[in-house]
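Protein chains in written order, with our numbering: chain X, 65 to 396; chain P, 65 to 396.
No residue lacks a Cβ here, since even glycine has one placed at the ideal position from N, Cα and C.
A quick note: this is a predicted structure, and the numbers were derived from the prediction, not measured.
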């Protein structure tokens with residue numbers, strides 16, 4: 065790192081230059097200033113840590129920056145809100161090149177452009193490992209935020225898109241060079257890696273689901289098993305999950321032989337898909353599904369909210385068994 | 065760390081329980097939801113890294129948590145705004161005890177109580193070093209935020225309180241056990257350590273200075289020399305600094321012999337004092353000073369804004385010399 069802190073801020077300012085609607089004061093002062101928000105404010109923060117969430121040898125700094133923004137935008141989407149602005153605090157090892165940092169910021173900037181929010185602050189520090197900590201503020205019409213706690217017995221459980229591709233991408237990123245080559249020469253290889261490194265936040269979809277009556281909603285960051293347990297715990301209910309109905313990503317199914325793992329297990333247990341998990345009163349699912357047509361995104365019913373607590377998984381033969389809250393745990 | 069992520073969140077929720085005015089939805093969902101803000105929104109983020117900003121062996125987790133909030137609140141104060149809510153992203157080594165984490169959150173909670181903001185979100189992750197990343201949102205009346213860029217030639221340069229005590233506290237924290245004992249047995253020892261470990265953000269003071277005509281303002285986190293250079297660069301002006309006028313902390317002066325360093329040099333070059341640096345039109349300083357009387361905080365004129373660029377330091381004998389932008393640089 066040959067740049068001083070002030071030189072780095074100046075370089076980052078150049079990456080982030082350009083018009084930012086609603087921003088009174090962006091990068092470079094003590095704090096950013098935004099025009100007044102309409103509605104309630106949403107606030108969320110999430111970070112990516114080298115060696116825990118990513119390996120700098122396998123993800124590009126551009127993708128890493130974009131993902132750090134996207135995972136936060138996904139949390140705003142899961143409330144049914146709109147993202148508005150982001151700030152980033154970055155820890156860099158001293159051996160990280162300035163060009164790598166510029167690409168990281170370019171990735172954050174591009175993701176902000178994609179989701180129509182403004183990157184208004186960035187703090188950089190040296191430290192023992194790369195950490196990218198992003199906070200996003202957003203807004204939502206008063207009283208319209210969809211929480212995790214509104215699911216009621218009888219509600220249908222739905223998920224957007226398909227699950228498990230990120231798990232496959234993670235497996236590819238951890239494989240030996242020979243096996244990576246094999247994966248990337250298959251039609252599903254790049255798709256899996258992209259799902260893990262370039263997730264998409266369902267912002268418009270979340271707003272539609274909120275308007276069409278979602279009783280509870282959250283994003284799938286830690287796996288359906290674990291996240292559905294959280295939604296049920298917050299709502300004080302249980303769930304019956306139809307394993308057969310879970311929309312396993314086709315690319316993951318295609319990779320079954322290479323993976324030497326059960327795609328369904330990965331789809332339920334891994335996470336990082338950033339699809340939305342929601343619940344709807346029984347009559348509302350079809351209308352919600354139609355609402356997603358313009359996005360080209362599917363909405364799949366995967367089970368039912370029941371009284372009690374915990375999740376019962378039902379397999380293709382109608383046998384049921386308790387489903388544990390397994391999945392991604394940053395302390396396991 | 066014997067707790068799972070969900071158990072930790074539950075424990076943190078207990079630490080953070082209690083009424084939080086203006087908070088619609090706090091910890092535990094995808095994102096927090098706040099009541100609509102009045103005025104423009106302020107957004108700032110700052111992090112503390114083990115081995116860079118703090119040594120866990122010398123600062124308590126409670127003080128560390130409080131400081132992580134305070135340094136962000138100080139940035140809001142430097143805009144003339146009011147802090148409203150905070151979120152924290154924490155990286156923990158796996159060997160960190162759950163009790164340590166609870167104390168860290170209790171420190172954040174207590175600082176939030178002191179400055180009347182709400183801690184509404186906390187994300188915890190494991191990693192190679194402890195990192196505490198806090199983001200604070202605040203508000204300010206439209207058009208009333210005080211930036212770094214409004215200083216004009218002829219303006220007086222002022223600072224609140226006194227400078228350099230944090231530098232002394234840092235020196236004590238780095239000293240050998242015998243020398244620490246010597247320092248802490250002197251009347252100034254604890255005062256210096258407290259200044260470094262328990263800084264105070266000048267929130268009310270910043271609002272008074274903003275209302276009483278501050279043309280530019282920022283907080284002194286990286287030292288007067290460096291931060292005044294930044295203010296001058298942002299405003300497109302230079303400065304003439306009267307070294308004799310700088311309010312060196314009495315406790316630092318008392319420690320001169322122990323320190324074996326020039327207190328004035330530490331007061332100008334180290335930072336971490338979180339006092340406010342501001343500029344005022346020539347006739348406005350006295351009124352601003354009177355405004356701080358209720359806080360028991362002094363306001364000292366330390367120089368004048370001039371045309372051009374850079375800082376000229378004038379010593380007791382009237383000799384002047386350029387002052388370099390030395391100070392805390394996270395990349396030096």
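Margin query: Is it the case that the stretch 166 to 177 of chain X contacts the stretch 122 to 137 of chain X, given that we only count it when at least three CB pairs across the two stretches are under 8 angstroms?
Written below: yes
Note to self: Determine whether the beta carbon atoms of residue 150 (chain P) and residue 181 (chain P) lie at a separation below 8 angstroms.
What the structure shows: Here residue 150 (chain P) corresponds to residue number 86 of the second chain, with the count starting at 1. Here residue 181 (chain P) corresponds to residue number 117 of the second chain, with the count starting at 1. It is a contact, given that the beta carbons lie within the stated cut-off.
Check: For residue 379 (chain X), is the classification buried or exposed, using 16 other Cβ atoms within 10 angstroms of its Cβ as the cut-off for buried?
Finding: Here the question's residue 379 (chain X) lines up with position 315 in the first chain. Counting Cβ neighbours within 10 Å, residue 379 (chain X) comes out exposed, since fewer than 16 surround it.
Checklist line | Which listed residue (X:282, X:205, X:265) has its alpha carbon closest to that of residue 100 (chain P) | finding: If you number the second chain from 1, residue 100 (chain P) lands on position 36. Looking at the Cα atoms, X:205 is the closest of the given residues.
Next item on the list: Assign residue 248 (chain X) to buried or exposed, taking buried as 16 or more other Cβ atoms, counted over all protein chains shown, within 10 Å of its Cβ.
Entry: To locate residue 248 (chain X), count along the first chain from 1; it is residue 184. The residue is exposed, with fewer than 16 neighbouring Cβ atoms inside 10 Å.
Notebook entry, point to check: Per DSSP, residue 340 (chain X) forms a beta bridge with which residues?
Noted result: One-based indexing of the first chain puts residue 340 (chain X) at position 276. DSSP output for residue 340 (chain X) lists X:283 as bridge partner(s).
Next item on the list: Specify whether the stretch 220 to 234 of chain P and the stretch 360 to 368 of chain P touch according to this definition: at least 3 beta carbon pairs, one from each stretch, less than 8 angstroms apart.
Entry: yes
Check: chain P beta carbons: is any one of them nearer than 8 angstroms to that of residue 113 (chain X)?
Finding: To locate residue 113 (chain X), count along the first chain from 1; it is residue 49. Answer yes: the Cβ-Cβ gap between residue 113 (chain X) and chain P drops below 8 angstroms somewhere.
Next item on the list: Please find out if some non-hydrogen atom of the ligand HEM comes closer than 7 angstroms to the beta-carbon of residue 184 (chain P).
Entry: As for the ligand HEM, it is missing from this structure, which has no ligand bound.
Notebook entry, point to check: In three-state DSSP terms, what is residue 84 (chain P)?
Noted result: Along the second chain, read from residue 1 onward, the residue named residue 84 (chain P) stands at position 20. DSSP places residue 84 (chain P) in coil when its eight states are reduced to three.
Check: Who does residue 203 (chain X) pair with in a DSSP beta bridge?
Finding: For the purposes of this step, residue 203 (chain X) is taken as the residue at position 139 of the first chain. Paired residues: X:105, X:146.
Next item on the list: Identify, in the order they occur along the chain, each residue of the same chain with its Cβ nearer than 7 angstroms to the Cβ of residue 54 (chain X), setting aside the five sequence neighbours on each side.
Entry: Here chain X covers residues 65 to 396 and nothing more, so residue 54 (chain X) does not appear.
Margin query: Which residues does DSSP list as the beta-bridge partners of residue 403 (chain X)?
Written below: The structure shown does not extend to residue 403 (chain X), since chain X spans only 65 to 396, so no value can be given for it.
Check: Between residue 98 (chain P) and chain X, is there a C-beta pair that is closer than 8 angstroms?
Finding: By one-based count along the second chain, residue 98 (chain P) stands at place 34. Taking Cβ atoms only, chain X reaches closer than 8 angstroms to residue 98 (chain P), which makes this a yes.
Note to self: In this structure, how does DSSP classify residue 95 (chain X) when only helix, strand and coil are distinguished?
What the structure shows: Along the first chain, one-based indexing puts residue 95 (chain X) at 31. Residue 95 (chain X): coil per DSSP, three-state reduction.
Next item on the list: Determine the DSSP secondary structure at residue 138 (chain X), reduced to helix, strand or coil.
Entry: Within the first chain, residue 138 (chain X) is the residue found at index 74, counting from 1. Correct three-state label for residue 138 (chain X): helix.
Next item on the list: Going by CA-CA distance only, name the one from X:347, X:142, X:269 that's closest to residue 357 (chain X).
Entry: Along the first chain, read from residue 1 onward, the residue named residue 357 (chain X) stands at position 293. The option with the nearest alpha carbon to residue 357 (chain X) is X:269.
Item checked: Exposure label - residue 78 (chain P); buried when at least 16 CB within 10 Å -> For the purposes of this step, residue 78 (chain P) is taken as residue 14 along the second chain, with counting starting at 1. Exposed, by the Cβ-count rule.
Next item on the list: Verify the CB distance criterion: does residue 105 (chain P) have a CB-CB separation below 8 angstroms to chain X?
Entry: Locating residue 105 (chain P) in the second chain gives position 41, where the first residue counts as 1. Taking Cβ atoms only, chain X reaches closer than 8 angstroms to residue 105 (chain P), which makes this a yes.
Notebook entry, point to check: Excluding the five sequence neighbours on either side, which residues of its own chain have a C-beta within less than 6 angstroms of the C-beta of residue 72 (chain X), listed in chain order?
Noted result: Residue mapping note: residue 72 (chain X) aligns to position 8 of the first chain, counting from 1. For residue 72 (chain X), where only same-chain residues beyond five positions count, the Cβ hits under 6 angstroms are 188.
Note to self: So, under 8 angstroms CB-CB, residue 199 (chain P) and residue 109 (chain P) are touching, yes? Tell me the CB distance rounded to an integer number of Å.
What the structure shows: Position 135 of the second chain, counting from 1, holds the residue named residue 199 (chain P). Position 45 of the second chain, counting from 1, holds the residue named residue 109 (chain P). So it is a contact: roughly 4 angstroms between Cβ atoms.
Check: If we cut at 8 angstroms on Cβ distances, does residue 185 (chain P) have a partner in chain X?
Finding: For the purposes of this step, residue 185 (chain P) is identified with residue 121 of the second chain, where counting begins at 1. Closer than 8 angstroms to some Cβ of chain X, the Cβ of residue 185 (chain P) qualifies, so yes.
Next item on the list: Starting from residue 367 (chain P), follow its DSSP beta bridges and name the residues at the other end.
Entry: Along the second chain, one-based indexing puts residue 367 (chain P) at 303. Residue 367 (chain P) pairs with P:221, P:305.
Next item on the list: Under 6 angstroms Cβ to Cβ from residue 213 (chain X), same chain only, skipping five residues before and after it: list those, please.
Entry: Indexing the first chain from 1 puts residue 213 (chain X) at position 149. Contacts found: 298, 299.
Next item on the list: Please name the residues in the stretch 254 to 286 of chain P whose beta-carbon is closer than 7 angstroms to at least one beta-carbon of chain X, in chain order.
Entry: 282, 283
Check: Using a beta-carbon distance cut-off of less than 8 angstroms, what residues from the stretch 67 to 90 of chain X approach chain P?
Finding: 67, 68, 69, 70, 72, 88, 89
Item checked: residue 279 (chain X), buried or exposed, once every other Cβ within 10 Å from all chains shown has been counted against 16 -> The count along the first chain starts at 1 and reaches residue 279 (chain X) at position 215. Answer is buried; the Cβ neighbour count reaches 16.
Check: Between P:302, P:186, P:331, P:325, which lies nearest to residue 308 (chain P) when the distance is taken from Cα to Cα?
Finding: Indexing the second chain from 1 puts residue 308 (chain P) at position 244. Nearest option by C-alpha distance: P:331.
Item checked: With 16 other Cβ atoms within 10 Å as the buried cut-off, status of residue 96 (chain X) -> For the purposes of this step, residue 96 (chain X) is taken as the residue at position 32 of the first chain. Residue 96 (chain X) should be labelled buried.
Note to self: Counting only C-beta atoms, is residue 337 (chain P) closer than 8 angstroms to chain X at any point?
What the structure shows: Mapped onto the second chain, residue 337 (chain P) falls at position 273. For residue 337 (chain P), the answer is no, since every Cβ of chain X falls outside 8 angstroms of its Cβ.
Note to self: Rounding to the nearest angstrom, what Cα-Cα distance links residue 234 (chain X) and residue 342 (chain X) in this structure?
What the structure shows: For the purposes of this step, residue 234 (chain X) is identified with residue 170 of the first chain, where counting begins at 1. For the purposes of this step, residue 342 (chain X) is identified with residue 278 of the first chain, where counting begins at 1. Cα to Cα, the separation comes out at about 25 angstroms.
Next item on the list: Kindly indicate which three-state DSSP category residue 334 (chain P) falls into: helix, strand or coil?
Entry: Counting from one through the second chain, the residue named residue 334 (chain P) turns up at place 270. Note: residue 334 (chain P) maps to coil in three-state DSSP.
Next item on the list: Report the three-state DSSP secondary structure of residue 110 (chain P) (helix, strand or coil).
Entry: Along the second chain, one-based indexing puts residue 110 (chain P) at 46. DSSP places residue 110 (chain P) in strand when its eight states are reduced to three.
Next item on the list: Kindly give me the distance between the Cβ atoms of residue 305 (chain X) and residue 377 (chain X), rounded to whole angstroms, as I take these residues to be in contact under 8 angstroms.
Entry: Position 241 of the first chain holds residue 305 (chain X). Position 313 of the first chain holds residue 377 (chain X). With 8 angstroms as the limit, residue 305 (chain X) and residue 377 (chain X) qualify as a contact, their Cβ atoms being about 5 angstroms apart.
Note to self: Using a 10 Å radius around the Cβ and a threshold of 16 neighbouring Cβ atoms, would you call residue 132 (chain X) buried or exposed?
What the structure shows: Here residue 132 (chain X) is taken as the residue at index 68 of the first chain, counted from 1. Buried, because 16 or more other Cβ atoms sit within 10 Å of the Cβ of residue 132 (chain X).
Item checked: DSSP beta-bridge partners of residue 89 (chain X) -> As a first step, residue 89 (chain X) is located in the first chain; it is residue number 25 there, counting from the start. DSSP output for residue 89 (chain X) lists X:97 as bridge partner(s).
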